[in-house]
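Chains as they are written, first to last, in the working numbering: chain B, 1 to 126; chain U, 1001 to 1285. Cβ coordinates follow ideal geometry from the N, Cα and C atoms, glycine included. First the structure, in the form of structure tokens, and then the observations on it.
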Amino acid sequence: MEIVIDIEGATPLFTQLMEQIKQAVLSEQIAPGAPLPSIRQLANDLDLNNKTVAKAYRLLERDSVIQTKGYRGTFVHPDAKANCSFDLNEWVLTKLSKLITEFKTSGVTDSEIRIGFTRVMNNKNL
Amino acid sequence: MQDNILFYLVFLSQLILISYYLPSKVLARMRHVISRYPPSEYPKLYPQDVGCYKKSHRRFQLFNHFWLLIGVLIIAADAWWSHTYGGGVGKAFPVFFGMFQFMPMLWLELSEFGQFKLMRKSNTNTKRTAELSRRRLFDHVSPALVFSVVGLFFATIVLDLYWHDFTWGGDTLVRAVTLSLVNMLYMLIVRFNLHGKKLNPHQSYEDRSRQVETVSRTLAYLSIVISLFFIYTAAGDAYDLKAYEHVIFSAYFQLIALISIGNIIWGQPLESLNFDVYKADASAN
Chain B
1 MEIVIDIEGA TPLFTQLMEQ IKQAVLSEQI APGAPLPSIR QLANDLDLNN KTVAKAYRLL
61 ERDSVIQTKG YRGTFVHPDA KANCSFDLNE WVLTKLSKLI TEFKTSGVTD SEIRIGFTRV
121 MNNKNL
Chain U
1001 MQDNILFYLV FLSQLILISY YLPSKVLARM RHVISRYPPS EYPKLYPQDV GCYKKSHRRF
1061 QLFNHFWLLI GVLIIAADAW WSHTYGGGVG KAFPVFFGMF QFMPMLWLEL SEFGQFKLMR
1121 KSNTNTKRTA ELSRRRLFDH VSPALVFSVV GLFFATIVLD LYWHDFTWGG DTLVRAVTLS
1181 LVNMLYMLIV RFNLHGKKLN PHQSYEDRSR QVETVSRTLA YLSIVISLFF IYTAAGDAYD
1241 LKAYEHVIFS AYFQLIALIS IGNIIWGQPL ESLNFDVYKA DASAN
């Protein structure tokens, strides 16, 4: 399975990497439990910064698409295919849309929603 | 006298092998690449003008011929000296001279790094590719070979200590440290080949894998030969096996040359390499 990264593309590099790994899982080009290259190997092969690949791997691990087993390395998660179908961004948008619609029907103005949203996001206790 | 003749013959074979035969094979390979894969069709292979490569090939040939001539002159001078006054060159001379003989090859290797740097600089392709599979050492070399290397490393140190009553004498310590450093260097080289930066930006994944295999196998064989040589020298110290030492030293150096350079020439045939990636319209790296 070959990964192709366009370094001048509009999509961020780590997103390109994530999307292609998810695509490989969905199309069954890589099987659950299959070993993945180390961050260093992939970064060196693609001539990218280690941090870019690490970020993609971290987000994929958060989404349970891959899993890191200590010194043994990174592997495709056993439930990766099911977890790939779940779009976290879409889920966030749906939830926020619902909430904002609720606010608007209660008469809250756009600027009040923005101020409230910013205050909540800036709250370090969250 | 017979010892001297045997030494001259073996040393002459070292001169011919390292400064004539192997370099001529390397040179023929490089010239074949230029004629079979010309710059007009494979421009990415030549970040510099083709004249520069031809010039460096001539320089490489001259450099090798120079050491060959010096070696022959040394044999002639030694023959005359030992005939007139007795004595001759030191026992370690073939190894010492062999290091100079390796200089043209070292120069060639170093200039290759410069070529890869130029290739990376002139690479305008915005697309980069990588294979989504992990490169592991045991996919490229057999575990048996790696365990032989490790086993021989420890066997060399234990045997050396055994023959010297388990005391770290001067030579024993030097051999143990040298062997450890050489093996550590080899491990670093293999590690760099497995996980390190892709020096040639156009190299295909299959070629990279083949390169890892050749390098790992070559270094494993070299480590085994060096361990065996150190066992011989340790035994030589313990049992006073000094006869034919010159000959053994030279044969050892020839074996090292055959394994290291020979594996590149015969272990990676040009036909097995993917040259399509160097074509002008090749979009993949």
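Restricting to Cα atoms, I'd like to know which of V1277(U), P1047(U), Q1268(U), I1264(U) is closest to E1109(U). When C-alpha distances from E1109(U) are compared across V1277(U), P1047(U), Q1268(U), I1264(U), the shortest belongs to I1264(U).
If you follow the beta strand (DSSP E) that I66(B) is in, where does it begin and where does it stop? Judged by DSSP secondary structure, I66(B) falls within the beta strand (DSSP E) whose first and last residues are 66-68.
By the three-class DSSP mapping on this structure, what secondary structure does R1191(U) have? Three-state result, R1191(U): helix.
For L1006(U), count neighbouring Cβ atoms within 10 angstroms of its own Cβ and tell me buried if that reaches 16, exposed if not. With fewer than 16 Cβ atoms within 10 Å of its Cβ, L1006(U) is classed as exposed.
At 7 Å on the CB atoms, spell out the chain B contacts of T1126(U), in chain order. What T1126(U) touches in chain B: D6, I7, E8.
Since R1191(U) meets chain B, which of its residues come closer than 7 Å, beta carbon to beta carbon? Near R1191(U) there are no residues of chain B at all, since even the closest Cβ is about 10 Å away, more than 7 Å.
Can you give me the Cβ contacts of T1214(U) inside the same chain, cut-off strictly under 8 Å, excluding the 5 residues immediately before and after it? Excluding its 5 nearest sequence neighbours in each direction, T1214(U) has C-beta neighbours in its own chain below 8 Å: N1263, I1264, G1267, Q1268, listed in chain order.
Of the listed residues S85(B), Y57(B), K95(B), L88(B), nearest to F75(B) (C-alpha basis): Taking only the C-alpha atoms, the option nearest F75(B) is Y57(B).
Which of helix, strand or coil DSSP assigns to V4(B): Residue state, collapsed to three classes: strand.
Output the distance between the C-alpha atoms of K1242(U) and Y1085(U), rounded to the nearest integer angstrom. Going by the C-alpha atoms only, they are around 22 Å apart.
Can you check the region 1226-1284 of chain U for any alpha helix (DSSP H) of at least 4 residues that lies completely inside it and give the ranges in chain order? DSSP runs (the alpha helix (DSSP H)) wholly in the region 1226-1284 of chain U: 1245-1267.
Less than 8 Å separating the beta-carbons of I1259(U) and L1222(U)? Note that the C-beta distance between I1259(U) and L1222(U) is below 8 Å.
Please name the residues in the region 1128-1149 of chain U whose beta-carbon is closer than 7 Å to at least one beta-carbon of chain B, in chain order. Answer set for the region 1128-1149 of chain U: R1128, T1129, A1130, E1131, L1132, S1133, R1134, R1135.
Inter-residue spacing [alpha-carbon to alpha-carbon] between M1030(U) and E90(B): Whole-angstrom Cα-Cα distance: 56 Å.
S1204(U): buried (16+ other C-beta within 10 angstroms of its C-beta) or exposed? So S1204(U) ends up on the buried side.
Below 6 Å CB to CB, which residues in the same chain sit around N1193(U) once its five sequence neighbours on both sides are set aside? Same-chain partners within the cutoff: V1212, V1215.
For I46(B), go through chain U and note every residue whose CB falls closer than 8 Å to its CB, in chain order. Note on residue identity: the sequence assigns Leu, not Ile, to residue 46(B). Simply R1128, T1129, A1130.
Reference I1016(U), options F1066(U), P1038(U), P1047(U), Q1048(U), closest by Cα: Considering only alpha carbons, the answer is F1066(U).
State yes or no: is the C-beta of F1102(U) within less than 8 Å of the C-beta of I1018(U)? Their beta carbons are under 8 Å apart, which means F1102(U) touches I1018(U) by this criterion.
Using DSSP with H/G/I as helix, E/B as strand and the rest coil, what is F1007(U)? Note: F1007(U) maps to helix in three-state DSSP.
Taking 8 Å as the threshold (beta carbon to beta carbon), is K1117(U) in contact with chain B? By this cut-off, K1117(U) is not an interface position.
In whole angstroms, what is the alpha-carbon distance linking L1181(U) and A80(B)? Roughly 44 Å between the two C-alpha positions.
Does L26(B) have its Cβ less than 8 Å from a Cβ in chain U? For L26(B), the nearest beta carbon of chain U is not closer than 8 Å to its own beta carbon.
Along chain U, in chain order, which residues have C-beta atoms closer than 9 Å to that of R40(B)? Simply H1195, G1196.
Where N44(B) and I1248(U) are concerned, what is the direct C-alpha to C-alpha distance, given to the nearest angstrom? So the alpha carbons of these two residues sit roughly 43 Å apart.
Could you give the DSSP three-state label for Y1085(U): helix, strand or coil? Here Y1085(U) sits in coil by DSSP.
Give me the subset of the region 75-107 of chain B whose CB atoms are less than 8 Å from a CB atom of chain U, sorted by chain position. Under the 8 Å Cβ criterion, the region 75-107 of chain B contributes no residue.
For K1054(U) and A31(B), what's the separation of their Cα atoms in angstroms? If you take the alpha carbons of K1054(U) and A31(B), they lie about 49 Å apart.
Residues that V1150(U) bridges to, as DSSP identifies them: According to DSSP, V1150(U) bridges with nothing at all.
Please return the same chain residues whose Cβ sits closer than 8 Å to the Cβ of L1219(U), not counting the five positions on each side in sequence. Excluding residues up to 5 positions away in sequence, Y1186, I1189, V1190 lie with their Cβ nearer than 8 Å to the Cβ of L1219(U) in the same chain.
Contact check, L42(B) vs V25(B), beta carbons under 8 Å: No, Cβ-Cβ distance for L42(B) and V25(B) is not below 8 Å.
Which residues does DSSP pair with A1130(U) in a beta bridge? I3(B), per the DSSP bridge assignment.
Suppose the cutoff is 6 Å on Cβ atoms and the five residues either side in sequence are ignored; what does the same chain contact list for L1118(U) look like? Once the five neighbours on either side are set aside, the close Cβ partners of L1118(U) are P1047.
Would you please state the rounded distance, in angstroms, between the beta carbons of R1134(U) and P37(B)? I believe it to be under 8 Å. Yes, they are in contact, since the Cβ atoms of R1134(U) and P37(B) sit about 5 Å apart, within 8 Å.
Given a threshold of 16 other Cβ atoms within 10 Å of its Cβ, counted over all protein chains shown, does M1105(U) qualify as buried or as exposed? The residue in question, M1105(U), is buried, as its Cβ has 16 or more Cβ neighbours within 10 Å.
DSSP state of T74(B) mapped onto helix, strand, coil: In the structure shown, T74(B) sits in a strand (DSSP, three-state: E or B).
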